[in-house]
Structures are given as C-alpha cells and as structure tokens.
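Participant:
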Amino acid sequence: MKNLAIIYWSATGNTEKMALAIAEAAKSEGAAVNLLEVGKASKEDVLKADIVALGCPSMGSEELEEEEMLPFIEALEGENLQDKPMALFGSYDWGDGQWMREWEERMSGQGVKLVDEGLIVQNTPDEEGVEACTQLGIKLANLS
Ligand SMILES: Cc1cc2nc3c(=O)[nH]c(=O)nc-3n(C[C@H](O)[C@H](O)[C@H](O)COP(=O)(O)O)c2cc1C
Numbered sequence: 052m053k054n055l056a057i058i059y060w061s062a063t064g065n066t067e068k069m070a071l072a073i074a075e076a077a078k079s080e081g082a083a084v085n086l087l088e089v090g091k092a093s094k095e096d097v098l099k100a101d102i103v104a105l106g107c108p109s110m111g112s113e114e115l116e117e118e119e120m121l122p123f124i125e126a127l128e129g130e131n132l133q134d135k136p137m138a139l140f141g142s143y144d145w146g147d148g149q150w151m152r153e154w155e156e157r158m159s160g161q162g163v164k165l166v167d168e169g170l171i172v173q174n175t176p177d178e179e180g181v182e183a184c185t186q187l188g189i190k191l192a193n194l195s
C-alpha cells in the first residue's frame, strides 16, 4: 500500500478543497493518506511518506505563504529528498501561475521527482478543478 502525505496551507479553503479531493481519490484507490495542515505537519511526515503532495496558494506577490509554508519548505531543504515522488498544487486568483513555476524549480533543485506539472486552480475549484484534483489523487495512488 502506498503511503501518501498531503500537506497544505489554505486561508480561505480553496487549496484545502483541492487537498480533500486529492485525498479522497487517492484513498479510493487504496492509498494510505496522511492529510495535514502544514501547521500540524513535521518534516518527518514528508520523509517517511512514499509520495508527497504539497499545497499552497499564491500569496504575497507570486510567493509561497511565508508564516508556515515557507519555513516548512526551508526546513525540508536541509533533508535528503532525492527522488522523492512529489506533486505540488494550489489555488491562485489574478496571476499566471508564476509562484507555482518557481516552486516547481525550487523543489526540483532539491532532487525531488515531480510526478506532474504543478496543479493550479483559479479561486475555488469548480467541477473541472475538482476533477483535475481527483485525477491527480488517482495518479499518485497508482505510481509504480
Ligand atoms: C495576501 C494575498 C496575496 C495574494 N497574492 C496573489 C498573487 O500574487 N497571485 C495570485 O494569483 N493570487 C494571489 N492571491 C489570491 C489567492 O491566491 C487566492 O485567493 C487563493 O484562492 C487563496 O487560496 P486559499 O483559499 O487556499 O487560501 C493572494 C491573496 C492574498 C490574500
């Protein structure tokens, strides 16, 4: 059974909705899912997981949220993440996804294996957005 950690930050619930849809789909495919708000997560939750999905909306000016998610990512940067399968996701509003492109580069620089392009959804995930999250959850649960 694959062990999937889904760790996210969300202020108004949009990224949380994505996390829940990913989690539900992965569970229905038989994965053991550890779904955590980043404030309740430790880097051990990442290190012990077979697969990791990290979620954060675009905050600041195309940046990661800086009180909880950014320190969490910085703490991970001291660890061995080589070849760790990882997916990134998050909600945004008026931007063009720059925060996600930079986040992908940052995580790739740590040696993680991004399983897909970062999944970005504008504001609250609509039916199509939820479906994209569902597909990501299925994919993560079935990684070989
Ligand atoms: C302080 C603040 C800064 C933001 N900065 C950006 C930004 O740079 N680019 C963007 O596309 N959206 C930006 N947004 C919009 C959020 O990414 C968007 O509302 C998102 O849906 C929030 O996700 P959440 O419900 O998971 O908190 C910002 C929102 C806030 C409150």
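One gets our numbering by counting positions in the sequence shown from 1 and adding 51 to each. Here a beta-carbon is modelled for each residue, glycine too, at the ideal position from N, C-alpha and C.
Excluding sequence positions up to five away, which residues of its chain have a Cβ less than 7 angstroms from the Cβ of Glu114?
Facilitator: Trp150
Participant: Nearer than 7 angstroms: is that true of the beta carbon of Pro176 relative to any heavy atom of ligand 1?
Facilitator: Checking the Cβ of Pro176 against ligand 1 gives no.
Participant: What does a CB cutoff of less than 8 angstroms around Ala72 pick up in its chain, not counting 5 residues either side in sequence?
Facilitator: Pro176, Val181, Cys184, Thr185 and Gly188
Participant: I think Glu88 touches Tyr59, with their Cβ atoms under 8 angstroms apart; what is that distance to the nearest whole Å?
Facilitator: Yes, Glu88 and Tyr59 are in contact; Cβ-Cβ is about 7 angstroms, under 8 angstroms.
Participant: Of the residues Gly90, Gly111, Val84 and Glu125, which one's Cα is nearest the Cα of Val103?
Facilitator: Val84
Participant: Look at Met137 and Leu86 and say whether their C-beta atoms are less than 8 angstroms apart.
Facilitator: no
Participant: Relative to ligand 1, is the shortest distance from any of its heavy atoms to the C-beta of Glu118 smaller than 7 angstroms?
Facilitator: no
Participant: Determine whether the beta carbon atoms of Asp144 and Asn174 lie at a separation below 8 angstroms.
Facilitator: Cβ distance < 8 angstroms, so Asp144 and Asn174 count as in contact.
Participant: Provide the residue span of the beta strand (DSSP E) that contains Leu170, from first to last.
Facilitator: Leu170 to Gln173
Participant: Just tell me which of Ser195, Ser79 and Glu119 has its CA closest to the CA of Ala62.
Facilitator: Glu119
Participant: When every heavy atom of ligand 1 is checked, does at least one fall within less than 7 angstroms of the C-beta of Trp154?
Facilitator: no
Participant: With DSSP run on the structure shown, which of helix, strand or coil describes Pro136?
Facilitator: strand
Participant: With DSSP as the reference, please indicate the residues paired to Asn54 in a beta bridge.
Facilitator: DSSP lists Ala83 as partners of Asn54.
Participant: Counting only the same chain and skipping the five closest in sequence on each side, list residues whose C-beta sits under 7 angstroms from that of Lys68.
Facilitator: Thr175 and Pro176
Participant: In its own chain, which residues sit with a C-beta less than 8 angstroms from the C-beta of Thr66, not counting the 5 before and 5 after it?
Facilitator: Tyr59, Trp60, Gly106, Cys107, Pro108, Phe140, Gly141 and Ser142
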